[in-house]
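Engineer:
Number of protein chains: 2
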Amino acid sequence: MTDFLRAQGVLSLGSRLRALSDQLFKEGDLVYKRHGIPMHGRWFPVISLVSLSEKPVSVTYIAQQTGFSHPYVSTQAHKMIKLGYLQDERCSQDERRRLLSLTTKGKALIEQAKPVWDNFKKVAYASVENSGSDFLDAVERFEKEIELRPWSQEVNKLMHDEVEIIDYDPKYKKDFARLNIEWLEKYFSVEAVDQEYFDFPEKKILQKGGRIFFAKLSNQIVGTCALFHEGDGVYELAKMGVSQSYQGKGVGAKLVEHSVACFKSMQGSELFLETHSSLQTAIRLYKKHGFVDQGHRKPGSVYARSEVYMVLEAK
Amino acid sequence: MTDFLRAQGVLSLGSRLRALSDQLFKEGDLVYKRHGIPMHGRWFPVISLVSLSEKPVSVTYIAQQTGFSHPYVSTQAHKMIKLGYLQDERCSQDERRRLLSLTTKGKALIEQAKPVWDNFKKVAYASVENSGSDFLDAVERFEKEIELRPWSQEVNKLMHDEVEIIDYDPKYKKDFARLNIEWLEKYFSVEAVDQEYFDFPEKKILQKGGRIFFAKLSNQIVGTCALFHEGDGVYELAKMGVSQSYQGKGVGAKLVEHSVACFKSMQGSELFLETHSSLQTAIRLYKKHGFVDQGHRKPGSVYARSEVYMVLEAK
DNA sequence: GCTTATTACGTAACTTGCTACATAAATTAT
DNA sequence: ATAATTTATGTAGCAAGTTACGTAATAAGC
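Residue numbers (this note's numbering), protein chains in the order written: chain A, 48 to 362; chain B, 48 to 362.
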């Protein structure tokens with residue numbers, strides 16, 4: 048352990064645990080080699096599971112029990128079959144399943160390896176007692192703690208992550224398109240009319256007196272919406288999108304709130320929007336901020352998906 | 048943690064530590080991603096070391112401090128230079144050295160990442176306290192214990208590893224050659240006369256009334272030697288070789304002992320050997336078992352390397 | 001009975017390290 | 001001053017895993 052890593056404390060724990068893990072595997076390999084046993088530390092989880100099972104076991108079962116991914120178990124099994132330690136047979140009830148078991152050669156290998164494992168256990172437990180506390184217990188407790196309260200979540204709670212609504216900036220042009228295309232492709236499809244707005248937002252929206260807003264969280268753009276100016280103080284709230292991973296966190300509400308406030312400060316005469324009845328969450332949000340469903344399509348709507356027509360009414 | 052791994056106890060510790068390590072890196076990545084910071088957990092050791100150093104640092108220095116191999120640091124540095132976070136300059140005093148430092152972009156990255164690291168520390172230390180014992184301390188003690196008393200050595204002590212001397216068997220023919228070539232190439236070189244013995248040991252040694260012995264440890268052949276029958280009860284002790292990794296463990300002594308005993312049981316009239324004065328360890332061994340240096344070359348010796356001539360004399 | 005979803009396994013490509021080897025500069029020995 | 005050794009770095013290739021995706025067999029829904 049170098050001074051630097053130690054000084055980094057908990058931040059270098061990941062690296063240190065990996066180094067320890069590698070070290071343990073190497074220790075095992077040294078013993079196997081010393082006694083000429085054709086075994087490797089990394090084989091242990093898989094081969095010992097197979098050897099302990101009374102019946103042949105399937106690839107996915109091994110993967111679940113050992114915590115490895117199933118492709119890894121699959122390839123490792125192939126390797127050990129090639130080496131002659133394992134054999135496989137198709138399951139009679141389920142032709143997909145490949146049931147693995149030890150060959151005679153595999154059993155012989157286990158017999159050779161068993162004394163190593165036994166002595167390893169003895170040495171390891173002695174070592175663990177020597178080190179003053181039960182390391183294995185400590186690991187177990189730590190595993191549980193991490194599972195229960197993932198550090199990422201705890202850190203996120205501590206991080207300053209107020210959503211901030213900011214005005215359009217050319218460097219966010221791509222985000223405007225990305226956030227809209229994300230939900231469009233999910234619920235409907237991107238129409239040619241849409242694409243034009245994404246390609247030329249400055250010309251099509253801003254130059255006509257409209258506005259584009261972004262929701263910024265830390266350093267990411269996680270939401271957007273726009274006010275289109277139809278002329279004569281009539282505005283449309285449109286192109287609202289919130290990144291999937293940040294939904295349900297009030298980002299949409301802040302965008303609508305800000306847009307309405309902006310509309311008011313611009314002394315607009317009318318603010319409407321068009322949406323679809325399937326987007327109930329959005330409709331609830333709009334209602335909450337003063338939009339009222341007009342009960343019919345907007346006359347002459349350009350979007351196929353625009354079925355609900357809402358207008359902001361003074362409370 | 049699956050039941051199987053838990054049940055394996057200390058034998059699955061390697062796998063569990065690796066999983067934990069991966070988990071921690073992932074936790075970090077989740078936070079970085081959540082806050083749109085273009086950083087990865089795996090970068091931490093290298094980039095934080097560079098950022099903490101007042102002067103630019105070299106690749107090997109980073110490797111030493113972080114515990115990574117230098118090629119890994121080298122490639123990782125290249126990657127981060129490509130991404131614009133690091134810059135390098137040749138050291139003026141030592142043209143081989145590549146001195147790494149943060150670019151402006153890199154400094155900006157650190158500034159972004161710092162709050163994450165700070166909060167990570169807070170969370171992690173709280174978590175560690177929650178888990179009932181100081182996990183970091185436990186890891187540190189464990190690292191020291193492993194370093195001080197490597198499990199492989201302790202296990203080897205416990206393993207039954209009596210050296211056993213066995214007779215020639217065709218399946219060990221390759222070992223006979225391997226063990227001899229190993230030391231021949233180290234001290235001298237393999238002569239044509241030697242090669243013939245390795246290719247046809249049965250014909251050249253056994254069929255003439257000679258013997259070949261092997262030292263077997265667990266399942267490995269770690270040493271060999273032969274008795275050549277010169278005719279009329281005259282034998283030569285030759286072709287002795289012990290695998291480098293098993294020297295100094297009395298393997299040679301057992302081989303000589305066994306050979307002498309065999310010579311006596313065959314009622315041989317004379318046992319001699321030829322060697323080189325540079326091989327003092329071997330000469331001491333022969334003396335200990337009753338061989339006496341004759342002080343001159345054996346008349347008509349076939350080997351260039353045979354300079355010392357020893358004969359077994361009754362004590 | 002037919003379609004659809006799920007499950008078991010495999011393949012490919014990528015990531016994170018490593019070891020082994022090559023090379024050039026610097027240092028030490030002769 | 002030259003030769004031999006050491007040091008700093010780079011390159012190639014390998015090992016241990018992963019994720020992402022494809023395919024075939026089974027199970028479930030209408």
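Where a beta carbon is used, it is the ideal one built from N, C-alpha and C, also for glycine. The structure presented is a predicted model; accordingly, all values stated were derived computationally and were not measured.
1. So, under 8 Å CB-CB, residue 265 of chain B and residue 208 of chain B are touching, yes? Tell me the CB distance rounded to an integer number of Å.
2. If I measure Cβ to Cβ from residue 302 of chain A and keep anything under 7 Å in the same chain, skipping five residues before and after, which residues do I get?
3. Taking only runs that begin and end inside the region 188-239 of chain B, name each unbroken beta strand (DSSP E) of 3 or more residues, in chain order.
4. Are the CB atoms of residue 235 of chain A and residue 145 of chain A within a distance shorter than 8 Å?
5. If I measure Cβ to Cβ from residue 79 of chain A and keep anything under 6 Å in the same chain, skipping five residues before and after, which residues do I get?
6. Assign residue 342 of chain A to buried or exposed, taking buried as 16 or more other Cβ atoms, counted over all protein chains shown, within 10 Å of its Cβ.
7. Of the residues that make up the region 212-227 of chain A, which ones have a beta carbon closer than 7 Å to any beta carbon in chain B?
8. Taking only runs that begin and end inside the region 103-172 of chain A, name each unbroken beta strand (DSSP E) of 3 or more residues, in chain order.
9. To be precise: take each residue of the region 70-84 of chain B, compare its Cβ to all Cβ atoms of chain A, and keep it if any distance is under 7 Å. Which residues remain?
10. Thinking just about the alpha-carbon of each residue, which of B:321, B:331 and B:69 is nearest to the one in residue 190 of chain A?
11. Could you tell me how far apart the beta carbons of residue 360 of chain B and residue 336 of chain B are, in whole angstroms, since I believe they sit closer than 8 Å?
12. Identify which residue in A:138, A:100, A:90 and A:82 has its Cα closest to the Cα of residue 126 of chain A.
13. Determine the DSSP secondary structure at residue 273 of chain A, reduced to helix, strand or coil.
14. Looking at the C-beta of residue 118 of chain B, does it have a partner C-beta in chain A at a distance below 8 Å?
15. Going residue by residue through the region 309-351 of chain A, where are the continuous beta strand (DSSP E) segments of at least 3 residues, counting only ones entirely within it?
16. Measure the alpha-carbon distance for residue 49 of chain B versus residue 119 of chain A and round it to whole angstroms.
17. Under the three-state reduction of DSSP, which class applies to residue 255 of chain B: helix, strand or coil?
18. Within this structure, are the beta carbons of residue 72 of chain B and residue 61 of chain A separated by less than 8 Å?
19. Would you tell me roughly how many angstroms separate the C-alpha atoms of residue 150 of chain B and residue 114 of chain B, rounded to the nearest one?
20. Taking residue 95 of chain A as the reference, which of A:110, A:83 and A:275 has the closest Cα?
21. Going along chain A in order, which residues have a C-beta closer than 7 Å to the C-beta of residue 182 of chain B?
22. Please compile the residues from chain A whose C-beta is within a distance smaller than 9 Å of the C-beta of residue 294 of chain B.
23. Identify each residue in the region 335-360 of chain A for which the Cβ-Cβ distance to at least one residue of chain B is less than 7 Å, and report them in chain order.
24. Does DSSP classify residue 70 of chain B as helix, strand or coil?
25. Give the secondary structure of residue 361 of chain A by DSSP, where H, G and I count as helix, E and B as strand, and everything else as coil.
26. Taking buried to mean at least 16 other C-beta atoms within 10 Å of its own C-beta, is residue 222 of chain B buried or exposed?
27. Please identify, using Cβ separations under 7 Å, the residues of the region 124-138 of chain A that lie next to chain B, in order along the chain.
28. Does DSSP classify residue 84 of chain A as helix, strand or coil?
29. Which residues in the same chain have their Cβ closer than 7 Å to the Cβ of residue 243 of chain B, if we skip the five residues on either side of it in sequence?
Structural biologist: By the coordinates alone:
1. 6 Å
2. 212, 260, 262, 270, 272 and 287
3. 210-214
4. no
5. 86
6. exposed
7. none
8. 133-137 and 145-149
9. 70, 71, 72, 74, 77, 78, 81, 82, 83 and 84
10. B:69
11. That pair is no contact at about 11 Å.
12. A:90
13. strand
14. no
15. 317-322 and 338-340
16. 17 Å
17. helix
18. yes
19. 24 Å
20. A:110
21. 185 and 189
22. Those within 9 Å of residue 294 of chain B in chain A number zero; the least Cβ separation is about 14 Å.
23. none
24. helix
25. coil
26. buried
27. none
28. coil
29. 251
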